[in-house]
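What follows is a set of notes on a single structure, which appears directly below.
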Amino acid sequence: MNKPHGVLSHPTNTSTELTISDFLKEKYKLSGVGDVGREGIVHRLDRVTTGLMVCPIKDQSYILFKRMFHDRDIKKYYKALVEGNLPSKTGEIELPLKRSSKNRKKREVNKDGKKAITKYSTILQKDTLSLIDIELITGRNHQIRAHFEYLGNPVMNDVLYGAKKNSYLESDVICLQSYRLNFSFKEKNYDFNIEEPEYFTSVINM
């Protein structure tokens with residue numbers, strides 16, 4: 000499915016709003032497919048991120064996809080608009096991440112953190128921004144957001160990670176999209192792609 004921005008993947012301790020998990024539970028009458036409160040969820044996207052998610056609705060598929068994500072058998076690709084120009088047009092960021100000691104909502108680069116690897120290549124570059132293609136090798140919380148903040152090129156409109164507030168964009172969206180998922184399932188290869196959201200083009204042309 001294509002998750003819209005502004006929607007949580009699953010409920011949290013502090014939220015009572017409808018989530019992707021709630022939608023799946025209601026639409027497909029899920030019961031016991033996954034952890035309680037996270038039915039149908041084998042991976043997640045942040046509230047402010049949009050894009051592709053795999054949401055199994057059968058027990059057997061849930062177990063299989065959960066293992067595939069854990070074993071990194073599913074390739075995950077993102078597009079992002081980041082502030083400024085990156086030091087290199089292509090690169091691999093391998094920096095460990097840990098919950099921030101100053102703000103528990105954030106992750107930060109820390110030598111005591113968990114291994115995190117992000118590959119990227121620049122698609123388009125302007126004076127004030129870059130459009131980049133990202134392959135997420137590991138899947139730590141806020142990995143892309145924390146890595147590019149560390150480089151000095153935060154994802155656009157990601158105020159939590161040091162970006163400027165963009166007057167064109169709502170507060171519940173950042174310029175980060177899960178646009179492609181590639182995996183093999185039952186001896187068949189699947190490659191799902193979606194187009195960039197319209198607000199990417201609008202921000203680029205501002």
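Okay, so the sequence shown: first residue is 0 according to numbering that gives the first Met the number 0, each after it adds one. Virtual Cβ for every residue (Gly too), placed ideally from N, Cα, C. Just so we're clear, the structure is a prediction, and the values are computed from it rather than from any experiment.
When the beta-carbon positions are compared, GLU148 and TYR160 come within less than 7 Å of each other. Residues LYS78, GLN176 and TYR178 of the same chain have their beta carbon placed closer than 8 Å to that of GLU195, with the five preceding and five following residues left out of the count.
CA-CA distance, ASN109 to SER100, rounds to 10 Å. The beta carbon of THR137 is closer than 7 Å to those of LYS114, ALA115 and ILE116 in its chain, skipping five residues each way along the sequence.
Straight-line measurement puts the Cα of TYR198 at about 15 Å from the Cα of GLU82. Inter-residue distance for ILE92 and ILE133 is about 11 Å (C-alpha atoms, whole angstroms). Scanning the region 72–126 from its first residue to its last, no whole alpha helix (DSSP H) run of 4-plus residues comes out. With 16 or more other CB atoms across the displayed protein chains lying within 10 angstroms of its CB, TYR61 is buried. Our two residues, ASN204 and LEU128, have alpha carbons roughly 11 Å apart in a direct line.
In the structure shown, VAL154 falls within a strand segment according to DSSP collapsed to helix, strand and coil. Within the same chain, LEU80, ILE122 and LEU123 come within 6 Å of LEU130 by CB-CB distance, once the 5 residues on both sides are set aside. Counting C-beta pairs with one atom in each stretch, the region 181–191 and the region 68–75 have three or more that are closer than 8 Å, which means they touch. In the displayed model, THR49 falls within a strand according to three-state DSSP. Sequence-distant partners of SER120 (beyond 5 residues in either direction) whose C-beta falls short of 6 Å from its own C-beta, in its chain, are THR89 and ASP132. Within the same chain, and ignoring the five residues on either side of ASN156 in sequence, the residues whose Cβ sits closer than 7 Å to its Cβ are ALA162, LYS164, ASN165, LEU168, VAL172, ILE173 and CYS174.
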